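Asks:
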Amino acid sequence: MSLVITSNVGQENNPEFSNAFKPYSYQNRLLNTMRIPPNSEIALQSAKINKNGLFILDRTNADFCHYFGVPIGTDATKLAAGEEIPDLDSSTSQPFRGTIGAGAAFGAGGKNERNIEDMANDLQAGVDACAFHPSLIRTKGASFESSIKVTPEYDGTSLAFKGFKFVSTQEDSALTTRLAADITWTDVSKNNAYGFTQNAGVVETVDTEGFLVQNREFPIAQNGGTCGFDVSQTGTSSWMCGLSRINKPMDIGAGDFSYLPPYFDITKRGNNPLASGRHIGNQFRYADFAVAKSGTDIRVFQTGSDSGSVGRPAVNGIYMNEIIYYGAHNTDFPAAPAVAAQIDKVRFTLNNEDMMIEVYDNVAKKYLLLADNKTLAAAGAAKNECLNPVNAAEWAMYPVCACKGTAAANRSIKLESITHYPNYPIYTDNLYDEYDWWGWSQQNNETVFCRELEQRPFNDASNATQLPAKGIDAKGMKDYSSVFITAKSVAYGDSTNECSSSLILGYKDQPVSVPVATSAIITTNESSSVPKLVSNISLFIRLNNFTQNSVNARQGTTSKIVAHLPRFDNSGNETGGLYFEPHEKTYLALGNTEELLVNSFDVDFVYENETLCTALTAKSVVCFHIRQRR
-14 MSLVITSNVG QENNPEFSNA FKPYSYQNRL LNTMRIPPNS EIALQSAKIN
36 KNGLFILDRT NADFCHYFGV PIGTDATKLA AGEEIPDLDS STSQPFRGTI
86 GAGAAFGAGG KNERNIEDMA NDLQAGVDAC AFHPSLIRTK GASFESSIKV
136 TPEYDGTSLA FKGFKFVSTQ EDSALTTRLA ADITWTDVSK NNAYGFTQNA
186 GVVETVDTEG FLVQNREFPI AQNGGTCGFD VSQTGTSSWM CGLSRINKPM
236 DIGAGDFSYL PPYFDITKRG NNPLASGRHI GNQFRYADFA VAKSGTDIRV
286 FQTGSDSGSV GRPAVNGIYM NEIIYYGAHN TDFPAAPAVA AQIDKVRFTL
336 NNEDMMIEVY DNVAKKYLLL ADNKTLAAAG AAKNECLNPV NAAEWAMYPV
386 CACKGTAAAN RSIKLESITH YPNYPIYTDN LYDEYDWWGW SQQNNETVFC
436 RELEQRPFND ASNATQLPAK GIDAKGMKDY SSVFITAKSV AYGDSTNECS
486 SSLILGYKDQ PVSVPVATSA IITTNESSSV PKLVSNISLF IRLNNFTQNS
536 VNARQGTTSK IVAHLPRFDN SGNETGGLYF EPHEKTYLAL GNTEELLVNS
586 FDVDFVYENE TLCTALTAKS VVCFHIRQRR
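Note that this note's numbering has the sequence shown beginning at -14, numbered continuously upward.
1) DSSP on THR62, reduced to helix/strand/coil?
2) Distance check for PHE531 and ALA600, CA to CA, integer angstroms please.
3) Under the three-state reduction of DSSP, which class applies to ALA145: helix, strand or coil?
4) Buried or exposed for PRO0, going by 16 or more other Cβ atoms inside 10 Å?
5) Could you pull the start and end residues of the alpha helix (DSSP H) that PHE443 belongs to?
6) Counting only the same chain and skipping the five closest in sequence on each side, list residues whose C-beta sits under 8 Å from that of PRO453.
7) To the nearest angstrom, how far is it from the Cα of TYR345 to the Cα of ARG82?
8) Assuming TYR186 contacts LYS399 under a Cβ cut-off of 8 Å, what Cβ separation, rounded to an integer in Å, is found between them?
9) For GLU1, name the three-state secondary structure that DSSP assigns.
10) Can you tell me whether MET693 is buried or exposed? The criterion is at least 16 other CB atoms within 10 Å of its CB, across all chains shown.
11) What does the alpha-carbon distance come out to for the pair GLY210 and ILE506?
12) Rounded to a whole number of angstroms, what is the C-alpha to C-alpha distance between LEU335 and ASN208?
13) Please determine, among LYS134, VAL497 and PHE333, the residue with the shortest C-alpha to C-alpha distance to PRO56.
14) From the DSSP secondary-structure annotation, give me the bridge partner or partners of GLY461.
15) Flag PHE151 as yes when its Cβ comes closer than 8 Å to any non-hydrogen atom of the ligand SAH, and as no otherwise.
16) Is the region 456 to 465 in contact with the region 153 to 167, if contact means three or more CB pairs nearer than 8 Å?
17) Between TYR564 and the rest of its own chain, which residues show a CB-CB distance below 8 Å, the 5 nearest in sequence each way excluded?
18) Buried or exposed: where does GLU579 fall if 16 or more other Cβ atoms within 10 Å of its Cβ makes it buried?
19) What residue ranges within the region 523 to 601 form continuous beta strand (DSSP E) runs of no fewer than 3 residues, ordered along the chain?
20) Could you tell me the alpha carbon to alpha carbon distance between PHE2 and ASN529, rounded to whole angstroms?
21) In whole angstroms, give me the CA-to-CA distance for THR169 and ASN448.
22) Kindly confirm or deny that the region 220 to 230 and the region 260 to 273 touch, where touching means at least three C-beta pairs closer than 8 Å.
23) DSSP three-state call for TRP170: helix, strand or coil?
24) Can you give me the Cβ contacts of PRO322 inside the same chain, cut-off strictly under 6 Å, excluding the 5 residues immediately before and after it?
25) Can you tell me whether DSSP reads GLU343 as helix, strand or coil?
26) By how many angstroms is the C-alpha of ILE41 removed from the C-alpha of PHE149?
27) Out of curiosity, what's the CA-to-CA distance linking ASN97 and ASP43?
28) Sort LYS134, CYS115 and VAL385 by Cα distance to LEU245 and report the nearest one.
29) What are the residues that DSSP puts in a beta bridge with VAL198?
30) Thinking just about the alpha-carbon of each residue, which of THR413, GLU379, PHE196 and ASN558 is nearest to the one in ASN37?
31) Work out the CA separation of ASN337 and ASN510 for me, nearest whole Å.
32) Can you list, in chain order, the residues of its chain with a C-beta nearer than 7 Å to that of GLN327? Leave out the 5 residues immediately preceding and following it.
33) Can you tell me which of ALA574, SER605 and GLU593 puts its alpha carbon nearest to the alpha carbon of SER25?
34) With distances taken between CB atoms, is the gap from SER487 to LYS493 smaller than 9 Å?
35) With respect to the alpha helix (DSSP H) encompassing GLU102, which residues constitute its N-terminal and C-terminal limits?
36) Which ranges would you report for the beta strand (DSSP E) in the region 184 to 252 if only whole runs of at least 3 residues count?
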């Protein structure tokens, strides 16, 4: 029997050997050849290591969710005040999944080892990748960043690490107005088949089919942003104008495509009564909020679901449902819809969730309220008589318009202006999906959560449930909070199932972190406990140059691993100087039928995926026990 003691060379005293004698990977060469008898076996006797106070990240502890909306809670006072909601069905928002470091190293089971400052940087990257509300997005050179800033916190006296702070700041700068001279249009017609000309915001038809176009530059801002159309030059043709998310082309059969959400119900078309005003020229004129001329009347549409009821056919997914805006609940249109011939302009104004639509009446010589949520609901408007709140799938809405008619008739619509956040990125095909939830969902085939959101009761035309739209408070989204979810939450739904970062981020006793507000636009989240600088990740000792074999089922391969080092050592410690000695040795056969000659011991400390654990420092000592098989 033989006891073999191995160790690295201290790097602090031998810098010339530092690359060959790392504390996590080293080689000990023998001055004299060691003879190991036939049929021998080897086991770990003990190990002594020094584990840095580093964060060790992988897929098991790096996931979290960010939720920006009215928090879910049970406080009766806050529920009554509208500062909390009882469940996710009552929310217009959704938890968005994020990964510390944005997950770049985790695809193949990789791990990241980070000190506190580097961890804060990786956490910042993860937050930037899952912050989607336009008020939280900022241009950064050719890219973007969120306005949620992550910083490490230290005790003012002892300087001990306390945790992380998240400060969320909504955009409150003066809005930027994009005028007609700067406006450009993108064709979003079926098969991109319709012709048009454009100049200084004016888009004009050049064929009998007309045009369907979208201004893909900046979305309307949530804190009082406006978007104004001039429709006075549409003649007697049917027209539509509104605001729409940016949709990728959708296969609609027969080799055709159209710019629609992937779960838009295209079966309600042709002569279907539900299609009237929406399906024109053998295509849908899609918008999340739209004003349209149908016959001699002005009609209003919004995107939503419909589970079906008496007089309302069920919709498979979402559809453009009509709003009966006129009636006793609307003092500007108390009895009948607006007369199309009297309408010269349409104006949209967005305050958080509350969309307001006005029209300029050339007889009354003023803007009149067509539809909204707040005003009409307060006057007694029921479901489908006022607009539903804007939801997270509609956070980034861009102008869209359409008109049908011949070129000779000079059919045109002008986008006079749109106001947007001054620091929001201009739309690009290759970047849009990284900061807009709807774009991200389309790009990654994850629209299932968008569909679930848009089919909640508040957005279902056949469900009487009405949800009051949240407005703004000093330019901030009223009652909205920046909530971080670090463990699975039943209240916040299935999106949180993979959340696993409560210990490493310091939310052991508070996996759902509701922030404190310092102003209407600034909220702060702080770790409720001191984060664990190590995770529940185990280490393994690998002896590379011997003939023993083990099986790493995680990798699906044979291995040279000889022993497992658990998270805690024999004294219960997990960082600093750690000592491990198994209570019962596990011997591995060397498989040597003849005498084995050994000149070195090549030792590695690895994770379960056999990558090196670089979190080790200073001196490592490993003792092996070799004996003939009994």
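Where a beta carbon is used, it is the ideal one built from N, C-alpha and C, also for glycine.
Please read all numbers here as calculations on a predicted model, not as lab measurements.
Replies: Considering the structure as presented:
1) Helix.
2) 25 Å
3) Residue state, collapsed to three classes: coil.
4) In this prediction, PRO0 has a pLDDT of 49, which is less than 50 and means its spatial position is unreliable; what the coordinates show is noted afterwards. The residue is exposed, with fewer than 16 neighbouring Cβ atoms inside 10 Å.
5) Per DSSP, PHE443 belongs to no alpha helix (DSSP H) and is neither H nor E.
6) Short of 8 Å from the beta carbon of PRO453, and not among the five residues preceding or following it, lie these beta carbons of its own chain, in chain order: GLY67, ASN358, LYS359, ALA362 and PRO374.
7) Straight-line Cα distance between these residues: approximately 43 Å.
8) Note that residue 186 is Gly in the sequence shown here, rather than Tyr. Between LYS399 and GLY186 the Cβ distance is about 5 Å, and since that is below 8 Å, they are a contact.
9) Per-residue confidence for GLU1 stands at a pLDDT of 45, beneath the threshold of 50, marking its modelled position as unreliable; no derived number is given.
10) Summary: the structure shown does not reach residue 693, with the chain confined to residues -14 through 615, and so no result is reported for it.
11) 17 Å
12) 7 Å
13) VAL497
14) By DSSP's assignment, GLY461 forms a beta bridge with ASP458.
15) Ligands are entirely absent from the displayed structure, and the ligand SAH is therefore not among its contents.
16) Contact annotation: the region 456 to 465 touches the region 153 to 167, with at least three C-beta pairs closer than 8 Å.
17) So the list reads SER31, ALA32, LYS33, ASP554, ASN555 and SER556, once near-sequence residues are dropped.
18) exposed
19) 524 to 528, 535 to 537, 542 to 544, 546 to 550, 561 to 565 and 581 to 591
20) Residue placement at PHE2 is poorly supported in this model, since its pLDDT is 48, which falls under 50; the coordinates still yield a value, given next. In a straight line, the C-alpha of PHE2 is about 20 Å away from that of ASN529.
21) Distance between the alpha carbons of THR169 and ASN448 is about 39 Å.
22) As far as the Cβ criterion goes, the region 220 to 230 touches the region 260 to 273, which means the pair count is three or higher.
23) coil
24) ASP282, ILE283 and TYR311
25) strand
26) Near 16 Å, if we compare the C-alpha coordinates of ILE41 and PHE149.
27) 7 Å
28) That would be VAL385, whose Cα lies nearest to the Cα of LEU245.
29) For VAL198, which the question treats as bridged, DSSP gives the partners ASP172 and CYS386.
30) ASN558
31) 22 Å
32) ASP346, ASN347 and VAL348
33) ALA574
34) yes
35) Taken as a continuous stretch (DSSP letters only), the alpha helix (DSSP H) holding GLU102 covers 101 to 113.
36) 187 to 190, 196 to 199, 208 to 215, 224 to 229, 234 to 238 and 241 to 244
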